[in-house]
Ligand SMILES: C[S@@+](CC[C@H](N)C(=O)[O-])C[C@H]1O[C@@H](n2cnc3c(N)ncnc32)[C@H](O)[C@@H]1O
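Numbering (the working numbering), first residue to last: 114 to 263.
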């Protein structure tokens, strides 16, 4: 698939998100959501709504359980699915921590479905096709984070 399960470091979640100006009830989509830590943090901190998508059903069950514990459920919808088959038309914010090969496959989907103004946060790897849409890059000790605006 697009990347193995390597979670974003927990203490980074708030740092990554604080670079974005969120609007209440906007839709935050975590593509390849693992245990959902980024979407759960976004929902808890910025009152957005969430969509968590992962192909690994066990991770979706686990992330849903964690969401019930931290009070973000049912503001997050959890879906077992290939991220290449998700409809992104309603997304306001997208977070991904994936390998370049699957990012490349997502680009035509982004081009087709995303609305103007949608923010994409790509942790770890840039979206090379979107050089002109890059609004910010934050270097860190581990992976950098890239922010794009459609
Ligand atoms: C590097 S982990 C990132 C997890 C989480 N987003 C985070 O930052 O902590 C990548 C996740 O993407 C999922 N994944 C990889 N390819 C996928 C695909 N094609 N469709 C859905 N999920 C996928 C994996 O199961 C894994 O949980």
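Yeah, the Cβ is synthetic: ideal placement off N, Cα and C, and Gly gets one too.
Since we're looking at a predicted model, the values are computed, not measured.
A contact between stretches requires three or more CB pairs, one per stretch, nearer than 8 Å, and the segment 178 to 191 fails this requirement with the segment 202 to 209. Spatial neighbours of residue 133 in its own chain (CB-CB distance under 8 Å, excluding positions within 5 residues in sequence) are listed in chain order as 206, 232, 234 and 260. With a contact defined as Cβ atoms closer than 8 Å, residue 257 and residue 249 miss out at about 10 Å.
Among the bridge pairs identified by DSSP, residue 235 is matched with 209 and 259. For residue 210, same chain residues with a beta-carbon under 6 Å away, outside a window of 5 residues either side, are 121, 236 and 237 in chain order. Within 6 Å of the C-beta of residue 185 there is not a single heavy atom belonging to ligand 1.
For residue 227, the closest alpha carbon among the candidates 188, 172 and 263 is that of 263.
Rounded to the nearest whole angstrom, the CA to CA distance from residue 189 to residue 254 is 30 Å. With fewer than 16 other Cβ atoms inside 10 Å of its own Cβ, residue 171 counts as exposed. Under the 10 Å beta carbon count, residue 130 is surrounded by 16 or more other beta carbons and is classified as buried. Ranked by Cα distance from residue 142, the options 156, 218 and 163 are led by 163.
One thing to note: residue 166 has its Cβ within 7 Å of the Cβ of residue 199. Check the Cα spacing between residue 240 and each of 208, 179 and 229: the tightest is with 208. Distance from the CA atom of residue 174 to the CA atom of residue 245, rounded to whole angstroms, is 38 Å.
Taking C-beta separations shorter than 8 Å and ignoring five residues to either side along the sequence, the partners of residue 138 in its chain run 160, 161 and 162, following chain order.
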